[in-house]
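Engineer:
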Amino acid sequence: MAKALGEIIIDIEKCKGCSLCIDACPEEVLSLTNKINKKGYQYIVTVNSNCTGCANCALICPDAVITVYRKIEKSA
Amino acid sequence: MGEIKLMKGNEALAEAMIRAGCDAYFGYPITPQSEVLEYLSKDATQRTGMVVLQAESEVAAINMIYGAAACGRRVMTTSSSPGISLMQEGLSYIASAELPCVLTNVVRGGPGLGTIQPSQADYFQAVKGGGHGDYRLIVLAPSSVQEMVDFVRLSFDLAEKYRNPVMILADGAIGQMMEKVELFDQMPRKTEFPDWATTGKPKDKERRYITSLHIQPEKMEEINKHLQAKYKQIEKDEVRYEAFNLDDAEYILTGYGLGARICRKAMDILREKGYKVGLIRPITLFPFPKKVYKEVADKVKGILDVEMNSGQMVEDVKLSVCGKTRVEYYGRMGGMIPSPEEIVENFEKLFIKGEA
Amino acid sequence: MSNNIETAKFRPEICTDENLVYRKPSTLLPEPFHYCPGCGHSTVHKIFMEVVEEMGIENEIIGVAPVGCSVFAYHYMGVDMQQAAHGRACAVATGIKRVQPDKYVFSYQGDGDLAAIGTGETIHAANRGENILVIFINNGIYGMTSGQMAPTTLEGMVSTTSPHGRDVKTQGYPLKMSEFIAPLPGVAYVTRQSVHKPANVRKAKKALRQALEYQKQGLGFCLVEIVTNCPSNWRMTPAQANQYIEEKMLAFYKLGDIKVPEVK
Ligand SMILES: Cc1ncc(C[n+]2csc(CCOP(=O)(O)OP(=O)(O)O)c2C)c(N)n1
Ligand code: SF4
Ligand code: SF4
Ligand code: SF4
Ligand SMILES: [Mg+2]
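Chains as they are written, first to last, in my numbering: chain A, 17 to 92; chain B, 11 to 366; chain C, 44 to 307.
1. DSSP has B/A180 in a bridge; who is on the other side?
2. Taking buried to mean at least 16 other C-beta atoms within 10 Å of its own C-beta, is C/R131 buried or exposed?
3. To the nearest angstrom, how far is the alpha carbon of B/K359 from that of B/E189?
4. Let's test the definition: count the other Cβ atoms within 10 Å of the Cβ of B/M323 and tell me whether it reaches 16, buried, or not, exposed.
5. In three-state DSSP terms, what is C/Y216?
6. When you measure from the CB of C/H88 to every non-hydrogen atom of ligand 4, does any distance come out below 7 Å?
7. Could you check the C-alpha separation between A/I24 and A/K90 for me, to the nearest Å?
8. Pick out whichever of C/K302, C/Q236, C/L251, C/P241 has its Cα sitting closest to the Cα of C/P226.
9. So, at 8 Å on beta carbons, what are the nonlocal neighbours of C/P80 in its own chain, with the 5 sequence-adjacent residues on each side left out?
10. For C/K52, would you say it is in contact with chain A, using Cβ-to-Cβ distances shorter than 8 Å as the test?
11. Report yes or no: is there a C-beta of chain C within less than 8 Å of the C-beta of B/K171?
12. List the residues of chain B that C/N182 touches, going by C-beta distances under 9 Å, in chain order.
13. To the nearest angstrom, report how far apart B/A78 and B/V46 are at their CA atoms.
14. Output needed for C/L293: all residues of its chain with C-beta closer than 8 Å, excluding positions within five of it in sequence on either side, in chain order.
15. Would you tell me roughly how many angstroms separate the C-alpha atoms of C/F264 and C/F179, rounded to the nearest one?
16. Which residues in chain B sit within 8 Å of C/I139, going by Cβ to Cβ distance?
17. Please tell me whether A/E43 has its Cβ less than 8 Å away from any Cβ of chain C.
18. For B/P212, which residues of its own chain have a beta-carbon under 7 Å away from its beta-carbon, when the five flanking residues on both sides are left out?
19. Given a limit of 9 Å on CB to CB distance, which residues of the stretch 217-248 of chain B reach chain C?
20. If I measure Cβ to Cβ from C/D156 and keep anything under 8 Å in the same chain, skipping five residues before and after, which residues do I get?
21. Cβ of B/M197 less than 8 Å from any chain C Cβ?
22. By the criterion of Cβ-Cβ separation under 7 Å, what are the contact partners of C/C82 in chain A?
23. At 4 residues or longer, what runs of the alpha helix (DSSP H) sit wholly inside the stretch 134-197 of chain B?
24. Kindly indicate which three-state DSSP category B/E232 falls into: helix, strand or coil?
25. Within 7 Å: the Cβ of B/G141 and any heavy atom of ligand 3?
26. What's the gap between the Cα of C/M44 and the Cα of C/L251?
27. Counting only Cβ-Cβ distances shorter than 7 Å, please list the residues of the stretch 113-128 of chain C near chain E, keeping chain order.
28. Residues with a Cβ closer than 7 Å to any heavy atom of ligand 2, in chain order?
29. Determine the burial state of C/L63: buried for a count of at least 16 other Cβ atoms within 10 Å of its Cβ, exposed for fewer.
30. Looking at the structure shown, is C/F223 part of a helix, part of a strand, or coil, going by DSSP?
31. For C/A247, which of helix, strand or coil comes out of DSSP?
32. Name the one or two DSSP bridge partners that B/I94 has.
33. Between C/M84 and ligand 4, is there a pair consisting of the residue's CB and a ligand heavy atom that are separated by less than 7 Å?
34. Under a three-way DSSP split, which group does C/Y296 fall into?
35. Helix, strand or coil, according to DSSP, for A/I25 in the structure here?
36. With burial defined as no fewer than 16 other Cβ atoms inside 10 Å of the residue's Cβ, what is the status of B/C332: buried or exposed?
What follows is the structure, encoded as structure tokens:
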């Protein structure tokens, strides 16, 4: 069975903390921190490694904050 | 010598537009200038490939002008007073964004729907800005059908030189009258466009944008300063006027466009009567030929300003002479045209019999 | 929310070029959007610039920004742009397209801009079959001027000028511009999309691309309406606003194609 390993890069200075990506992520990978960026917004972080690289978060993100990678790992 | 033809003012203007290599005309019918759109609709596109489009309103027309002008094209619209009022917001944007374009106001009597008869009642609107914000149009006032032709080419040149809208301020009489004109030869349409024109982002260069929006007041003030400096330059370099009999003049008649033609007749009658009368005809209303008025002010006993309105240009004449000579006004309003005899009568009343 | 969120360990080995699934389009300029958090304007700018990048047409397209929250669209879209007077974007786009028929031309307009002050320009550009794309952002409100009623505001919907809810008896009915425009013969393609869920974002992007393909074929006027949110003036969180789209807006403004070109 092939397994999708995903990873995202978050441009935290562009994040406005709208949380739409959090709701859109099927794997519950994302959460807001209580830190704020230079613009004064709380931003998102990944809280687990369950990302599959489905890109839902990047699609819904209005501010083009997220870059998504996906690696297909073949397992026996 | 160019082709000589007997033409109506509006048609001559349209013919000149085609020959000047105009790329696009957008307009809306209104008397007394509908002949322009009608003339262009015949075969302008076949002749040069220029765009001719009847817009759904003057508001749309001026915004089509904005769009096409911002692509670096030679564009023109024409209308008459109420239509020009509708174009004012667009003109303000065009002036602020510094887009070259030419428009003609074939003025009719107002206010309101008014009359379709010739008038000069839109002087203030044309030369003092017209729309919102501090801006100026370059304003040319033709007084013959020949000048309707010549000023089209001149207007495009000035518009492009200064990146500023230029208005030809005509009137219903000049638009409708038939005169012999000499036409210039067909000029090619442009094939190269300025760097600022939005023709699609050039490869390996910054994209361009056209805007009049500058939220920061500091920036907006800079834009204003830049515009004002440009207007100063125009006032320095682009003044045009015509003068007659200034050498021995004791009195001056002054008027523009059709008013100036009538003044010329009045001047001749007055000279026959023995009065030493000269004439100043501003050709550019903005920039206003202040200097010539200032110069004559020291020498003459008075200036009679004649207009087909309630006395609008007379304010600029007064500002120019700085109180150094007497300035009087005589005019008719609402589409009425003063006769030379009326002018003579009022001249004598005001200056000779001292009935003022 | 806890004070100490444990963040996951970053795995750089996955982040290689061949594994790239999504990145911000190169046609989007670096300037961050001024739009409020969660605002659909940003999403639509983003996907439209993705389309321009994917089609490789950034040197052949000219856009018109309206007066509305998206007045600064030209700060973000990395293509030649013009800013138009309120409501006049379709006339400006007409001017551009008529002198450059070989270029792609689009306008980007809000509902107040397109369906109130600019209704005339919109209908006549459509009726002339101007070969342009109009992106119509329907957020049911005047965003830029802080939340007054728009022609698209739903019946009963609260705005600063309908504080008791839109009363259709005195304030008129919400206007379905897309349905109104679609029957005109000059109109090639009309579709209504949204960007409130990832799947809708994908579809909206497809529609935008489709419209530009039609423009390339010279088919005529294309209108892509996108039902979006205005969390700030709807006085909702972005998530609540997107929920409101799902439940209320889309119940009235039905998603899907309203007119497609006849296949030849
Ligand atoms: C001639 C004119 N009238 C009014 C305004 C003020 N104004 C600016 S934006 C706007 C409404 C914008 O609403 P919409 O088009 O729905 O865009 P949104 O901000 O919601 O995206 C108004 C009324 C203006 N700029 N110009
Ligand atoms: S790519 Fe998919 S799984 Fe990964 S964080 Fe984004 S939404 Fe979640
Ligand atoms: S959707 Fe984008 S802006 Fe909003 S919280 Fe997520 S990353 Fe930040
Ligand atoms: S006011 Fe509304 S439409 Fe405007 S940016 Fe904010 S959320 Fe978006
Ligand atoms: Mg709106």
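Using N, Cα and C, we set each Cβ at its ideal position, and we do this for glycine too. The structure displayed is predicted, hence computed values, not measured ones.
Structural biologist: The structure says:
1. B/V116
2. By the beta-carbon neighbour count (other beta carbons within 10 angstroms, threshold 16), C/R131 is buried.
3. 34 Å
4. buried
5. coil
6. no
7. So the alpha carbons of these two residues sit roughly 20 Å apart.
8. For the options C/K302, C/Q236, C/L251, C/P241, the alpha carbon positioned closest to that of C/P226 is the one of C/K302.
9. P274, P281
10. yes
11. no
12. Within 9 Å of the CB of C/N182, no CB atom of chain B is found; the nearest one sits about 21 Å away.
13. Our two residues, B/A78 and B/V46, have alpha carbons roughly 19 Å apart in a direct line.
14. Excluding residues within five positions, the ones whose Cβ falls inside 8 Å are S237, V270.
15. 13 Å
16. By Cβ distance, chain B contributes G77, A78, A80, C81, T208.
17. no
18. none
19. Cβ proximity to chain C below 9 Å picks out R217, R218, Y219, I220, T221, S222, L223, I225 from the stretch 217-248 of chain B.
20. P109, V110, G111, H129, G130, A132
21. no
22. P78
23. 155-172, 182-186
24. helix
25. no
26. Because C/M44 sits at a pLDDT of 46, beneath the cut-off of 50, its placement in the model cannot be relied upon, and the point is left open.
27. Of the chains in the structure shown, none is chain E; the protein chains are A, B and C.
28. A/G22, A/I24, A/C37, A/A40, A/C41, A/P42, A/E43, A/V45, A/L46, A/T62, A/N66, A/C67, A/T68, A/G69, A/C70, A/A71, A/N72, A/C73, A/A74, A/I82, A/V84
29. exposed
30. helix
31. helix
32. Paired residue(s): none; B/I94 is not in a bridge.
33. Inspection of the sequence shows that residue 84 of chain C is occupied by His rather than by Met. Answer for C/H84: yes, Cβ within range of ligand 4.
34. coil
35. strand
36. exposed
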